[in-house]
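If you read the sequence shown in the numbering used here, its first letter stands for residue 485, the second for the next number, and so on.
Think of the CB as a built atom: it goes at the ideal place given N, C-alpha and C, for glycine as much as any other residue.
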Amino acid sequence: MDNITQIIITIVTVAGSAGIWKFLEARLKSRNENKKIELQNNDGIQYRDDLKNRVRNLESMLANSSDEKDKLRDQVLQLVAEVNSLRVEVDYLKKENERLKNK
């Protein structure tokens with residue numbers, strides 16, 4: 485009977501130790517998952533993510549603004565060139581008008 489008792493105790497010990505390891509492993513995984521969830525729900529993390537989104541939005545708005553500024557600059561240059569040509573034409577017409585008056 486001593487051999488049977490030792491065999492049964494060994495089997496119970498092995499089965500129990502495997503069960504304990506599985507329990508401890510599950511418990512550790514559960515704690516890690518809880519920590520991850522807490523970090524995701526943390527106000528600091530959410531605030532940081534919100535700031536990242538706002539920075540991306542501002543960068544895109546800045547790029548659009550820069551493109552619009554370049555277009556408006558080109559338009560102003562065209563208008564300045566047109567005004568200069570009109571001034572030359574007005575000067576020419578004034579001179580022509582004076583010449584016709586003096587005739």
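Q.
For Ser569 and Val539, I'd like the C-alpha separation in whole angstroms.
A. 45 Å
**Q.** Cα-Cα separation between Asn581 and Glu573, rounded to whole angstroms
**A.** 12 Å
Q: Identify whether Lys587 lies in helix, strand or coil by the three-state DSSP scheme.
A: coil
Q | Where Asn525 falls: helix, strand or coil (DSSP) | A | helix
(Q) Can you give me the C-alpha to C-alpha distance between Glu543 and Val560, rounded to a whole angstrom? (A) 25 Å
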